[in-house]
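J.: My structure is below; once you've seen it, I'll send some questions.
Protein chains in written order, with the working numbering: chain A, 1050 to 1182; chain B, 102 to 263.
Here you go:
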């Protein structure tokens, strides 16, 4: 596997999300997380993420939990400098899709990932009623 | 002349806590960030600008530009949330003329040489000296991460540091 998914979240819930995804898809060894801890500064977190990215001799894609948070601020700066792709709005459908792309196709289809994330939130009953019409 | 509705020292500058909690709490419509580093980083500055809630203007100024803007127009107009990355910058701009009555310390990082004094807030020797210096100028200083927390007086916190 020559691609790694690096997750940046407030407090480290990405690891728990990964466990949930593994219930569906089985063991995953290409997802890592660097949690943003409550008292880390922008600079401290930035150097942690940057160091990890530089030390990995493989493709990396970044997933962050929300735009406007330090996870995304730092992720965007590193991605810009190291020429990586970054998606914010991490959720179960995104991580599941990314893992299954890597498992079955061996590479990331970025456009497809973005679409999965974008279309993953909707009014459920409304959608079901639409389907019944 | 703008009104400074909150002056906050926060090493993360604009981030979730500031945008979801403090901007609403103090009804700010302008964020003035004072940081030489951010003023010199176009990319990072544009992330901060994009992430600002709608209706809130964000201005990133170097220390010197901030002092000049304060001395000439008191930051223009609006309800200003002033953000600084550390106590050292606060002391410098205060000495150069930016007047605040009250400072809130929200987060100063977690480097290994720093001591945790209240929740996740840390201090080192230099911060402690600078805070005492600012207290000596009759500025009220409190430690508070989010609005739901009780603000703690700097004087009491510093007593814990030694």
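Even glycine gets a Cβ: it sits at the ideal position worked out from N, Cα and C.
1) Assign residue 172/B to one of two classes, buried (16 or more other C-beta atoms within 10 Å of its C-beta) or exposed (fewer than that).
2) Step through the CB atoms of chain A and report whether any lies within less than 7 Å of the CB of residue 120/B.
3) Per DSSP, residue 1099/A forms a beta bridge with which residues?
4) Taking the beta strand (DSSP E) that residue 183/B falls in, what are its first and last residues?
5) Can the beta-carbon of residue 1080/A be found closer than 7 Å to that of residue 1066/A?
6) Give a yes or no on contact between the segment 1086-1106 of chain A and the segment 1124-1135 of chain A, applying the rule of three or more CB pairs nearer than 8 Å.
7) So is residue 149/B buried or exposed if we call it buried at 16+ other beta carbons inside 10 Å?
8) Excluding the 5 residues flanking residue 106/B on each side, which residues of the same chain have their C-beta closer than 6 Å to its C-beta?
9) Enumerate in chain order the residues of its own chain whose CB-to-CB distance from residue 236/B is below 8 Å, with the five nearest sequence positions on each side excluded.
10) Just by C-beta distance, which residues in the segment 1067-1091 of chain A are closer than 8 Å to chain B?
11) Output, in chain order, the set of chain A residues within a Cβ distance shorter than 9 Å of residue 152/B.
12) Cα separation between residue 161/B and residue 136/B?
13) Which of the three DSSP states is assigned to residue 263/B in this structure?
14) Taking three-plus beta-carbon pairs below 8 Å as touching, is the segment 103-118 of chain B in contact with the segment 182-191 of chain B?
15) Could you tell me which whole alpha helix (DSSP H) segments of length 4 or greater appear in the segment 116-201 of chain B?
16) Pick from 102/B, 109/B, 103/B, 174/B: whose alpha carbon is nearest that of residue 209/B?
17) Residue 1108/A touches chain B at which residues, Cβ-Cβ below 9 Å?
18) Nearest to residue 246/B by alpha carbon, out of 226/B, 219/B, 233/B?
19) Suppose contacts are defined by Cβ-Cβ distances below 7 Å. Is residue 131/B in contact with residue 164/B by that definition?
20) For the structure I just gave you, are there three or more beta carbon pairs, one from the segment 1134-1141 of chain A and one from the segment 1161-1169 of chain A, closer than 8 Å?
21) Return the chain-ordered list of same chain residues with a C-beta closer than 8 Å to the C-beta of residue 238/B, the five sequence neighbours on each side being excluded.
22) Considering only DSSP beta bridges, list what residue 108/B is partnered with.
23) On the DSSP letters alone, give me the boundaries of the beta strand (DSSP E) that residue 1188/A sits inside.
T.: So, from the listed chains and residues:
1) Stepping through the second chain from its first residue, residue 172/B is reached at position 71. Exposed: under 16 other Cβ atoms inside 10 Å.
2) Within the second chain, the letter at position 19 stands for residue 120/B. True, the Cβ-Cβ gap to chain A drops below 7 Å.
3) To locate residue 1099/A, count along the first chain from 1; it is residue 50. Residue 1099/A pairs with nothing; no bridge assigned.
4) The residue given as residue 183/B occupies position 82 in the second chain. Element bounds for residue 183/B: 180-185.
5) Looking up residue 1080/A in the first chain gives position 31. Looking up residue 1066/A in the first chain gives position 17. Result no, Cβ atoms of residue 1080/A and residue 1066/A do not sit closer than 7 Å.
6) yes
7) Counting from one through the second chain, the residue named residue 149/B turns up at place 48. Classification of residue 149/B: buried, given that the 10 Å Cβ count is 16 or more.
8) As a first step, residue 106/B is located in the second chain; it is residue number 5 there, counting from the start. Taken in chain order, the residues that qualify are 127, 129, 180.
9) Here residue 236/B refers to the residue found at position 135 of the second chain. Excluding positions up to five away in sequence, the list reads 242, 255, 256.
10) 1086, 1087, 1088, 1089, 1090, 1091
11) Here residue 152/B is taken as the residue at index 51 of the second chain, counted from 1. Per Cβ cutoff of 9 Å: 1116, 1117, 1118, 1121, 1122.
12) Mapped onto the second chain, residue 161/B falls at position 60. Mapped onto the second chain, residue 136/B falls at position 35. Cα to Cα, residue 161/B sits roughly 7 Å from residue 136/B.
13) For the purposes of this step, residue 263/B is taken as the residue at position 162 of the second chain. Correct three-state label for residue 263/B: coil.
14) yes
15) 137-140, 143-152, 164-174, 188-196
16) Here residue 209/B refers to the residue found at position 108 when the second chain is read from its first residue. Answer by Cα proximity: 109/B.
17) Residue numbering aside, residue 1108/A sits at position 59 when the first chain is read from its first letter. Going along chain B, no residue has its Cβ under 9 Å from residue 1108/A, so there is no contact; the nearest lies around 22 Å.
18) Numbered from 1 along the second chain, position 145 holds the residue referred to as residue 246/B. When only C-alpha atoms are compared, the closest one is 219/B.
19) By 1-based counting over the second chain, the position of residue 131/B is 30. By 1-based counting over the second chain, the position of residue 164/B is 63. No. Outside cutoff.
20) yes
21) Translated into the one-based positions of the second chain, residue 238/B becomes position 137. Around residue 238/B: 195.
22) Here residue 108/B refers to the residue found at position 7 when the second chain is read from its first residue. 183/B, per the DSSP bridge assignment.
23) Residue 1188/A falls outside the range modelled here, since chain A spans only 1050 to 1182, and no answer is possible.
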